[in-house]
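I have placed the structure first, in the form of structure tokens, so that the comments after it can refer back to it.
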Amino acid sequence: MKKDIQISYEHFKNSSELNDIEKKLFERAIQARENAYAPYSNFLVGCAVLLENGEIYSGNNQENAAYPSGLCAERTTLFWVAANFPDVKVKKIFVVGGPKEFHDKNPPIPPCGACRQSLIEYETKQNEDIDLYFSSMNDEVVKVHSIKDLLPFYFDSSFL
1 MKKDIQISYE HFKNSSELND IEKKLFERAI QARENAYAPY SNFLVGCAVL LENGEIYSGN
61 NQENAAYPSG LCAERTTLFW VAANFPDVKV KKIFVVGGPK EFHDKNPPIP PCGACRQSLI
121 EYETKQNEDI DLYFSSMNDE VVKVHSIKDL LPFYFDSSFL
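Numbering (full-length UniProt numbering), first residue to last: 1 to 160.
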């Protein structure tokens, strides 16, 4: 039997369509991207996280010559936030990524599979969806209302 999966998402042609807090997250993710350490791939990613207490924290990707040892921006940011604010819920995550030599043809760049799985863990832990925004530097933004929209067949503790 064939079944279909549909997802809902919002598409913003440019950041002027975002509300004030979304614009602030976008700006913080862009700033974090500038400090990414990506000498091997030259693919820079910044991430900004809004907590339920209103605070915003950001991070970026950190590469290593031994490729599997590096970490994506989403995970460096989320892991730091979880380590320092274990009981504070994450409300929104904004990710901005793309080649160091940016060109305006880059579409919005979603999190990789490993990051999606890590983000699912925190949605599950806090029993609440997290709004996820992703973009490249071309000002175009995609928003999903749950990480599950990008990873419908996710693995969680219910399988253990």
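Glycine is no exception: its CB is placed at the ideal position from the N, C-alpha and C atoms.
Residue of the options minimising C-alpha distance to residue i
i	options	result
E12	K148, L151, S136 and L160	The identity of residue 12 in the sequence shown is Phe, whereas the question assumes Glu. It is S136 whose Cα lies nearest to the Cα of F12.
G54	L44, P111 and F85	F85
D139	G70, N61 and N106	N106
H145	L18, G59, A83 and I93	I93
E17	A82, V141, L160 and Y40	V141
F43	N60, A82 and D87	N60
D156	A83, K89 and S118	S118
D129	L151, K91, Y67 and P39	K91
Y9	A82, F159, L160 and K143	K143
A38	R116, S69 and K89	S69
Sheet register partners of residue i (DSSP bridge)
i	result
S16	In the DSSP output, where bridge partners are listed per residue, S16 has none listed.
S58	A48
K143	E10 and Y133
8 Å contact criterion, which residue i and residue j should meet: CB distance rounded
i	j	result
A32	A65	Their Cβ separation, rounded to whole angstroms, is 22 Å, which puts A32 and A65 out of contact at 8 Å.
I30	G46	6 Å
D149	I21	20 Å between Cβ atoms; not a contact.
Y154	L25	So it is not a contact: roughly 24 Å between Cβ atoms.
L51	Q62	With 8 Å as the limit, L51 and Q62 do not qualify as a contact, their Cβ atoms being about 22 Å apart.
S41	A48	Actually they are not in contact, since the Cβ atoms of S41 and A48 sit about 21 Å apart, beyond 8 Å.
I120	I147	5 Å
I5	P152	5 Å
Proximity test, residue i beta-carbon vs the ligand NAP heavy atom, cut-off 7 Å
i	result
D20	As presented, the structure is devoid of all ligands, the ligand NAP included, so that no description of it is given.
For the segment 60 to 135, which segments carrying the beta strand (DSSP E) assignment without a break, of at least 3 residues, lie completely within its bounds, in sequence order?
90 to 99 and 131 to 135
Would you check if there are 3 or more beta carbon pairs closer than 8 Å linking the segment 67 to 82 to the segment 12 to 25?
no
In chain order, each beta strand (DSSP E) run of at least 3 residues that lies wholly inside the segment 2 to 55
10 to 12 and 43 to 51
Is it a yes or a no for the segment 118 to 128 touching the segment 95 to 105, going by three-plus beta-carbon pairs under 8 Å?
no
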